[in-house]
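Residue 198 in our numbering sits at position 75 of the sequence shown; the count goes up by one each step and never skips. Built from N, CA and C at the ideal position, the CB exists for glycine as well. Written out below as structure tokens is the structure these notes cover.
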Amino acid sequence: MKLDDNEGYEEEVSLKLFVVLTRALQSVKVRVEDDIRKSDLNPTEFAVLEMIYSKGDQPIQKIGEKVLIASSSITYVVDKLEKKQLLKRVPCPKDRRVTHASITAEGKKLMDTLFPAHKAAIRDIFKGLTIEEKEHMIEQLKKLGMYARDM
């Protein structure tokens with residue numbers, strides 16, 4: 124096999140991996156979003172509420188980078204969650220320029236109910252893989268992501 128043949132095969136396999144990875148992600152996202160929609164929240168609202176539920180109060184300005192949504196959308200999402208009385212804005216005592224999003228008692232009560240069921244739904248979505256396969260896939264996807272990021 125000539126070097127050119129090997130490069131052509133590597134390109135072919137890389138393209139196939141991209142297509143398979145994209146389709147797998149789309150299939151998983153559809154199932155996860157179906158589960159989230161049962162909660163009367165959209166996926167972005169759920170992601171923001173879940174992060175604050177799990178990690179505690181967060182500066183509103185930092186939420187976007189942590190849940191991978193555009194910073195221009197954060198105010199809108201926080202406003203919607205505030206109207207639903209699931210979050211509240213709290214000024215930072217150390218820096219007046221910073222406002223934190225904080226979960227309300229109603230938001231915590233909702234997530235105490237929703238989150239265990241959501242984790243179980245995700246577990247069920249990934250039952251097609253063994254624990255070892257999941258661990259291996261996590262390693263490989265991290266390696267791929269870091270390589271692509273550093274290119």
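Could you check how far apart the C-beta atoms of residue i and residue j are, in whole angstroms? I think they sit under 8 angstroms.
i, j, result
"Ser-249", "Lys-257", "With the sequence shown as reference, residue 249 is identified as Phe, and Ser is not the correct amino acid for it. Confirmed, about 6 angstroms."
"Gln-263", "Glu-229", "Between Glu-229 and Gln-263 the Cβ distance is about 41 angstroms, and since that is not below 8 angstroms, they are no contact."
"Val-171", "Val-190", "6 angstroms"
Excluding the 5 residues flanking residue i on each side, which residues of the same chain have their C-beta closer than 8 angstroms to its C-beta?
i, result
"Ile-159", "Asn-165, Pro-166, Phe-169, His-241"
"Val-201", "Val-171, Ile-183, Ile-186, Leu-210, Arg-212, Ala-224"
In whole angstroms, what separates the C-alpha of residue i from that of residue j?
i, j, result
"Ala-193", "Leu-237", "25 angstroms"
"Ser-196", "Leu-204", "12 angstroms"
"Lys-152", "Ala-244", "12 angstroms"
"Ile-175", "Ser-225", "7 angstroms"
"Asp-235", "Leu-210", "14 angstroms"
"Asp-247", "Arg-154", "10 angstroms"
"Val-213", "Lys-265", "35 angstroms"
"Ile-261", "Lys-139", "19 angstroms"
"Ile-183", "Cys-215", "11 angstroms"
"Asp-218", "Tyr-270", "37 angstroms"
"Thr-227", "Val-136", "49 angstroms"
"Leu-267", "Asp-273", "10 angstroms"
"Ile-186", "Glu-133", "38 angstroms"
"Glu-156", "Gln-149", "10 angstroms"
"Glu-188", "Gly-131", "37 angstroms"
"Thr-115", "Pro-239", "Only positions 124 to 274 of the chain appear in this structure, which leaves residue 115 out of reach."
"Lys-231", "Gly-251", "31 angstroms"
"His-259", "Asn-129", "26 angstroms"
"Glu-255", "Glu-173", "27 angstroms"
If I measure Cβ to Cβ from residue i and keep anything under 7 angstroms in the same chain, skipping five residues before and after, which residues do I get?
i, result
"Thr-198", "none"
"Lys-206", "none"
"Leu-233", "Leu-209"
Give me, in chain order, the residues of the same chain whose beta-carbon lies closer than 6 angstroms to that of residue i; leave out the 5 immediate sequence neighbours on both sides.
i, result
"Ser-162", "Leu-237"
Would you say the stretch 176–193 touches the stretch 143–159, given that touching needs at least three Cβ pairs under 8 angstroms? no
Secondary structure, beta strand (DSSP E): runs of 3+ residues fully inside the stretch 192–266: 210–214, 222–226
Sequence ranges, alpha helix (DSSP H) only - wholly within the stretch 157–186, length at least 4: Unbroken alpha helix (DSSP H) runs of no fewer than 4 residues, entirely contained in the stretch 157–186, are found at 166–178, following chain order.
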